[in-house]
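So the structure is just underneath, and the comments pick up after that.
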Amino acid sequence: MTMTKLNLNSTKTHLHSSQFSFLLKTLPRHLHCAFAPSHSTTQHARISCSVAPNQVQVPAVQTQDPKTKPECYGVFCLTYDLKAEEETRSWKKIINIAVSGAAGMISNHLLFKLASGEVFGPDQPIALKLLGSERSIQALEGVAMELEDSLFPLLREVSIGIDPYEVFQDAEWALLIGAKPRGPGMERAALLDINGQIFAEQGKALNAVASCNVKVIVVGNPCNTNALICLKNAPNIPARNFHALTRLDENRAKCQLALKAGVFYDRVSNVTIWGNHSTTQVPDFLNAKIDGLPAKDAIKDHKWLMEEFTETVQKRGGALIQKWGRSSAASTAVSIVDAIRSLVTPTPEGDWFCTGVYTNGNPYGIAEDIVFSMPCRSKGDGDYELVKDVIFDDYLRQRIAKTEAELLAEKKCVAHLTGEGIAVCDLPVDTMLPGEM
2 MTMTKLNLNS TKTHLHSSQF SFLLKTLPRH LHCAFAPSHS TTQHARISCS
52 VAPNQVQVPA VQTQDPKTKP ECYGVFCLTY DLKAEEETRS WKKIINIAVS
102 GAAGMISNHL LFKLASGEVF GPDQPIALKL LGSERSIQAL EGVAMELEDS
152 LFPLLREVSI GIDPYEVFQD AEWALLIGAK PRGPGMERAA LLDINGQIFA
202 EQGKALNAVA SCNVKVIVVG NPCNTNALIC LKNAPNIPAR NFHALTRLDE
252 NRAKCQLALK AGVFYDRVSN VTIWGNHSTT QVPDFLNAKI DGLPAKDAIK
302 DHKWLMEEFT ETVQKRGGAL IQKWGRSSAA STAVSIVDAI RSLVTPTPEG
352 DWFCTGVYTN GNPYGIAEDI VFSMPCRSKG DGDYELVKDV IFDDYLRQRI
402 AKTEAELLAE KKCVAHLTGE GIAVCDLPVD TMLPGEM
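Residues in the sequence shown are numbered from 2 upward in steps of one, following our numbering.
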């Protein structure tokens, strides 16, 4: 490919917005262009593009195969040749963030939080790598257009595509949101198999092309078992780097405890969701604190804690669907933000957070080789350690055993996707599938 320089003579010191818009419409999308910033002493605005000779003659918009991922999208194809003194000195190296299901409702809330600096900080530039499907490719382009129009200074690159082996290239964070919802009459085992195949393929893609220390947060349900499938198909990535999202459940539990105690939710700490993101999950009020006191001391109604509180958190998603007509989207996006922040920000002294992680080596006696939500602390380096100073009683252990049994049963259903033999599935048909809450 040859290098051609296009010089635009002008008496102005900058390009008008109408000229800039024209360039975006006429230059092929896949070009890499460098716009030199203009100064009062500059007489010429220069654009350098890497193009084929025939494209120089006719710079028309190219028709693109929808199965082919462009290198970048729209204005994000342009790289700006900033002089050293013009760079924001505090900005860091770009973080590559891959998001599957990027055209969906959850992503529609999440992506703009990521791009705004709300997640990784106001001095951290990011690149978004958005994965969709053949059916959603136009919607994905619409998402990229909205990101363009939002003028986020920290959002330096956006790429879109339908092939995880291309989209996940060099990803340092992978937020796996996309999954098939359970349809009418579909048995749990069937959906586990369908979604399991999606996450097996995505695990293989991450293993092949992502950063070797990529952090993976699985949101698509059933997220615990999907995270297990994903990590089993990515042997080159540390198993501890995989997370199943249970932060939304933690947030729901904090809300209910705050309401009952008559305090604002920032007074509630040390809340854990044990186990599966399902109706067997265990909201832990034994270790929770309200204004620094044990929750059982702040809330004297222990019957409410054991019954109504637990059931409300377990079925909160189902109640929302009845009211709203669809599953959680905005609150799920917020919880993804919270989950990432918990890993990139040091945990406040004495507190902890919960996330679904690989159980090998856990100090609680929970079965190994599953993904189970447990209490964690982080130094803010993206890693975590399991909390050891937790207490148990018979009630808590009995509840944990139930959600553990459910995850072990789900694991048997997807054994063929984790390289562990033939599937043996005996899940109860009438039990609500994780994520339908």
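Quick reminder that beta carbons are idealized off the backbone N, C-alpha and C, glycines included.
- Annotation: the continuous beta strand (DSSP E) that includes Asp-285 extends over 283 to 285.
- Taking 8 Å as the cut-off, the beta carbon of Arg-342 is found no closer than this to the beta carbon of Val-159.
- The C-beta distance from Asn-227 to Phe-200 rounds to 4 Å, short enough to fall under 8 Å.
- Here DSSP, grouped into helix, strand and coil, assigns Thr-356 to strand.
- Per DSSP, reduced to three states, the secondary structure at His-278 is coil, with no helix or strand assignment.
- The three-state reading of DSSP puts Phe-77 in helix, counting H, G and I together.
- For Glu-72, there is no enclosing beta strand (DSSP E), as DSSP marks it with neither H nor E.
- A distance of 8 Å or more separates the beta carbons of Ala-180 and Gly-133.
- In the displayed model, Glu-167 falls within a helix according to three-state DSSP.
- In this structure, the beta-carbon distance from Glu-411 to Pro-182 does not fall below 8 Å.
- Nearest to Lys-255 by C-alpha distance, out of Pro-239, Arg-398, Ile-322, Val-272, is Val-272.
- Of all C-beta pairs linking the region 296 to 315 to the region 342 to 361, fewer than three are shorter than 8 Å, placing the two stretches out of contact.
- Between Leu-207 and Val-217 the beta-carbon gap is near 7 Å, inside 8 Å, which marks them as a contact.
- Secondary structure note for Gly-197: its alpha helix (DSSP H) is the uninterrupted segment 189 to 210.
- According to the DSSP assignment, Gly-162 belongs to the beta strand (DSSP E) that extends over 156 to 162.
- Of the candidates Ile-367, Leu-258, Arg-327, Ile-367 places its Cα closest to the Cα of Thr-404.
- The region 122 to 136 makes no contact with the region 353 to 373, as fewer than three CB pairs between them are under 8 Å.
- Scanning its chain for C-beta atoms nearer than 8 Å, with the 5 sequence neighbours on each side dropped, one finds around Gly-351 the residues Ser-270, Asn-271, in chain order.
- Residue nearest to Lys-94 within the set Val-76, Cys-73, Gly-122 is Gly-122 (criterion: CA-CA distance).
- The three-state reading of DSSP puts Cys-256 in helix, counting H, G and I together.
- Assigned with DSSP and collapsed to three states, Leu-246 falls in coil, not helix or strand.
- Counting the other CB atoms within 10 Å of its CB gives Ala-209 a total below 16, which places it among the exposed residues.
- In the three-state reduction of the DSSP assignment, Trp-305 falls in the helix class.
- Ranking Leu-232, Asp-370, Gly-319 by CA distance to the CA of Leu-408 puts Asp-370 first.
- Annotation for Leu-148: no beta strand (DSSP E) segment contains it, though the alpha helix (DSSP H) segment containing it runs 138 to 150.
- By the Cβ criterion, the region 324 to 335 is in contact with the region 102 to 116, since at least three pairs of Cβ atoms, one from each stretch, lie closer than 8 Å.
- According to DSSP, residue pairing for Asn-97 in a beta bridge involves Ala-128.
- Selection Gly-318, Glu-386, Asn-242, His-303 evaluated against Ala-172 yields Asn-242 as nearest (Cα-Cα).
- Of the candidates Asn-97, Val-76, Ala-262, Pro-429, the residue whose Cα lies closest to the Cα of Thr-281 is Pro-429.
- A direct Cα-Cα distance of roughly 10 Å separates Ala-235 from Cys-213.
- Around the beta-carbon of Gln-315, 16 or more other beta-carbon atoms lie within 10 Å, marking it buried.
- For Cys-377, the enclosing beta strand (DSSP E) has its first and last residue at 372 to 378.
- Secondary structure note for Leu-428: it is in no alpha helix (DSSP H), with a DSSP letter that is neither H nor E.
- If you check the CB distance, Phe-393 and Gly-276 do not come in under 8 Å.
- From the listed residues Lys-130, Gly-105, Met-106, the smallest Cα separation to Ala-116 is found for Lys-130.
- The beta-carbon distance between Gly-75 and Met-146, rounded to whole angstroms, is 7 Å. This is short enough to meet the 8 Å contact definition.
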